[in-house]
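Have a look at the structure below before the remarks.
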Amino acid sequence: MAESIVTISIAKLRELLIQEPHLLRGADGDISSLIEELDRARRALARAEGDDAHTKDRADQLISLAYDAECAVDAHLYKRRRRTTSCVDPFSPRRLRRLRNRIDDIKKRTTAVFPADEFNTVIAPTDVGVIEPPTDTNDPPSFEEDEAVVGFDDDIEAIVARLVEGDDHARRSAVSIVGMGGLGKTTLASKAYKHARVAKRFGDKAWVTVSRHYRPKELLLVMLECLLGKQERVLMEMAEEDALKRKISDYLKQRRYLLVVDDIWRYEAWAFLNDFLPDSSNGSLVLLTTRDRDVAASVDATSPLYELQLLGEEKSWELLLKKAFPHLKGRCPKDYEEVGREIARKCGGLPLQLVVLGGLLREKKKRDDWYRVLTGVDWVLDMEDRTSRVLAHSYHDLPEHLKPCFLYLGVFPEDYEILSGRLVRLWVAEGFVNSMNAELEEAAEGYLEALVKRNLVMSVRRTFAGNVESCRVHDLLLELSVSKARDTGFLDVRKEENFEEQSAAHRARRIVSHSIIDEDTPSPDFKRASPEICSLIHCGTLHKLHRQYLAKDSIWEGLNLLRVVDVDLGYSPVKILPKGIGKMTLLRHLGLDWSGTHMRLPTSLGNLCNLQTLDLRIDSTIFVPASIWRLERLRHLLGKDLRIDGQPRIDRRYDLQTLSGVRDPPGWSKRCQLSRLTRLRAFEAEMIEISDEGPLAAALHEMKSLRSLELGLHEDWTELKKPIRKLYIFAEDPKTEDIEGQMAKLLVFQEHHELREMCLHGHIGALPRAPNCGFPPNLTKLYLTRSRLTRDSFARLERLPKLQLLTLSYRSYIEGELVFGGGGFAELESLEIDNLQKLEKWEVEEGAMPVLKTLVVTYCRMLKELPEGLQHVTSLKEMVLRSMSASFCGRVREGEGEDWWKVQHIPTITIKES
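This is the structure we're talking about:
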């Protein structure tokens, strides 16, 4: 790890020499010499053999030297920018002399640890810090690979049987899956939860992950979202816990439900849930996963525990093969079988060991490398210790540029679903990502995919294009990450009881809090906790007194070297950020998450000239000062309701790539010189003013990197000829919604080969007779609302050659009969029909939608029956019917409904009448 940390420090220093030559004038030669000295020490350490105490001590000293080098240069830069009235203060010879003296001291200490004659034995220096993302196009991400399960077939059937074969009038009971960490309890529960028989028995299902440190309100909100949808969660975000309990309890009364309580550690967590869960004696069930037999027994002493067993040798070998050779479908090259089987046997049947080692072996292209893995682990240990050694071995085998990325995962709490966009932006801000040929964010996405392929990170959700949308880390791997990070001072996770405690070997550079801080907890002293921290992240819950405390200028004074601040404030009364935050001129990432009152950002925000990301995960209105346009290095400005003053300046070159959540006051789109934002890749705004002059189209014409666009009402799109990946158009005004074809004139995208996703909200009527009806040729996702398509227009729509997802929402189709013609929608995989109020008859001709996998029909109350042609759509895997009429649902009832024969081939059918 020392090599990785020093590599990052060297890359940061090199970047500063390029970005801040005027601020480092007079010390640039000294810094270059320091970089060379650190690089030589790094290479000397890399060549050192053994894991003895002397080598570890030298590694610890080198880490401290690298941190000292960063702090020395950062402190100098901060002092040069400390005046807020001007970006740079006058040149100070005394300050320059102080920096050069500190650099000289660090170089002498480096030489003392790594003598000069040792440097003569090492290889020539390499270009550290510039790592390109993986580009192996022959090994693309696989959805099936993420879902690979081996050896659980009998367990799945046994658990499903216990869930579905109970008495319809039995009292609520619990089924508990018990076993050690890494056995696959969560995987087994997930497979049972998604099973077709379970879906048919339980009309309502919810999944909550408890973990050791859970937040009660978050559990309630997650349950609410599972049961009533995301919109209901948003509406109830600010409700008190008691109100949430009542809401869930009232909804579940008289309903048969299944609740999965994953990774529960203490009985107190179950007592919290049991307090409001109704028992209507209708066969409702709770499915738990836990390592603790006593916890399981205390939840339901009458239900026998399901103790998950280790895999046998053949199943172990099969699982290892699936992970090591994911595209060979269970076949193994002959030269690898003997050593591979021995590795599988040594794992003792624990799935986590097999999965992680399989990911490691996937990167090994020679048989000798497999033998090194076999001999590199101390197998003569008990299962728990051996698992720790296997995970550590996989970590140490990572390329140097991935090690800090893996350790950084310790920022997030246990079982936390990590949004990849947020993770990528944090990696970039921390300086972990360097690339010559790709955008930093694209390179970081490649890093994440590499960790997923090694099975050190689990992909939770992927986009239609196959990119990781969110991910999670197994708790044993998270423990490894946190432990390794703390040992090196890379990152330290603090609790409220030890917030100001220092790590043993190093002062922490990054402080993370997962605490649930209440009224009785003393407010944390960040400066005392670690005076030279570069990152401060809080993912817990703050009492309102502490939220107000964070709004004071005094709390931020002295934290001059901060590069990353990311704080979850919860529901907050804070209305303005402290002005003092504008003094943190080294800040690269500022992330705030809260709900409640609106907030006004201080004008001092314009002093943060290194800021890359301003991430405001806030439901309320945010007033952004005009000084935001002084930030030329800002890459991402994210929000939900941003009211931005001023406009981009003509004399500046902006690096802004993401601008989302803009709510346009009248005339803003005309005043704002958006054409200055030539590097914009994603732009989302609402309430764009109608204009015949087309200033926005002219600006979009200059945005040659644009991939994602979400806009309000606009007319002139004819000049839009540049690469776009995603387009949202809301072209409907209450005063003009009855004007026929209001949207059709916007469909001029035949030459937009990069545009893959569109959301059209407005009156189309008759589709144009242009190629692809004016849609882009590579369109894969299409969402239609209020389109008022007729039967003739729909017949042309189904000829779109690459469409994979189609959503027909409110008033998108206005006739009483809807026909899917034979051969139509040849590539469609997902279809949702929602709230078509006039639809009475639906026909699917043979040969239509030949690869359809998912069908969702919602709130079409006039629809009388499902089409007979669905019997020919044999590719269907799941059908969901929600809020349909009672007579419609009755026709689909299993075994006795009149339409059951049409859909009996579909494995999973979910029906919710209301």
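For what it's worth, the UniProt record's numbering labels the leading residue of the sequence shown as 1, then goes sequentially.
Glycine is no exception: its CB is placed at the ideal position from the N, C-alpha and C atoms.
- Secondary structure at Phe820: strand, using DSSP grouped into helix, strand and coil.
- Between Phe490 and Arg811, the alpha-carbon positions lie close to 55 Å from each other.
- Contact holds between the region 586-595 and the region 421-434, because three or more Cβ pairs, one in each stretch, are under 8 Å apart.
- Among the bridge pairs identified by DSSP, Val468 is matched with Arg462.
- In the assembly as shown, Glu441 is a buried residue. Its beta-carbon has 16 or more other beta-carbons within 10 Å.
- Under the Cβ criterion (8 Å, minimum of three pairs), the region 861-875 counts as touching the region 889-898.
- Cα atoms of Ala243 and Phe276: separation of roughly 11 Å, rounded to the nearest angstrom.
- Contact between the region 253-263 and the region 281-289 is present: three or more C-beta pairs spanning the two stretches fall below 8 Å.
- Annotation: Phe412 to Ala271 spans about 26 Å, alpha carbon to alpha carbon.
- Boundaries of the beta strand (DSSP E) around Leu881: Glu878 to Arg882.
- The region 870-887 and the region 902-912 touch, with three or more beta-carbon pairs separated by less than 8 Å.
- For Ser887, the uninterrupted alpha helix (DSSP H) segment begins and ends at Ala886 to Arg891.
- Where Met383 is concerned, the enclosing alpha helix (DSSP H) starts and stops at Met383 to His396.
- Cα atoms of Leu381 and Glu342: separation of roughly 16 Å, rounded to the nearest angstrom.
- Each residue's CA atom was taken as its position, placing Arg510 and Val624 some 28 Å apart.
- Cα atoms of Arg494 and Gly824: separation of roughly 57 Å, rounded to the nearest angstrom.
- Just measuring C-alpha positions, the residue of Trp379, Tyr395 and Lys56 sitting nearest Leu361 is Tyr395.
- Between the region 329-336 and the region 160-169, the count of C-beta pairs closer than 8 Å stays below three; the two stretches do not touch.
- Uninterrupted beta strand (DSSP E) stretches at least 3 residues long and entirely within the region 414-468 occur at 458-462, given in chain order.
- Following the DSSP letters along the chain, one finds Gly661 inside the beta strand (DSSP E) bounded by residues Thr658 to Arg663.
- One thing to note: Leu806 has its Cβ within 8 Å of the Cβ of Leu831.
- When DSSP states are grouped into helix, strand and coil, Thr585 belongs to the coil group.
- For Lys108, the enclosing alpha helix (DSSP H) starts and ends at Pro93 to Val113.
- Going by beta carbons, Glu417 and Ser470 fall inside the 8 Å limit.
- According to the DSSP assignment, Val493 belongs to the beta strand (DSSP E) that extends over Asp492 to Arg494.
- With contacts defined by Cβ atoms closer than 8 Å, Ala682 and Gln657 form a contacting pair.
- By the C-beta density criterion, His54 is exposed, having fewer than 16 other C-beta atoms within 10 angstroms.
- For Gly591, the pairing in a beta bridge is given by DSSP as Asp566 and Asp615.
- In this structure, DSSP gives Ile833 an extended state, which the three-state scheme calls strand.
- Three or more pairs of CB atoms, one per stretch, sit closer than 8 Å, so the region 96-106 contacts the region 69-77.
- Counting every other CB atom within 10 Å of its CB across the protein chains shown gives His538 a total of 16 or more, marking it as buried.
- Assigned with DSSP and collapsed to three states, Val339 falls in helix.
- Counting along the chain, Arg510 sits inside the beta strand (DSSP E) bounded by residues Arg510 to Ser513.
- A residue is called buried once 16 or more other Cβ atoms fall within 10 Å of its Cβ, and Met238, having fewer, is exposed.
- In the three-state DSSP reduction, His474 falls in the coil class, being neither helix nor strand.
- Under the three-state reduction of DSSP output, Phe272 falls in the helix class.
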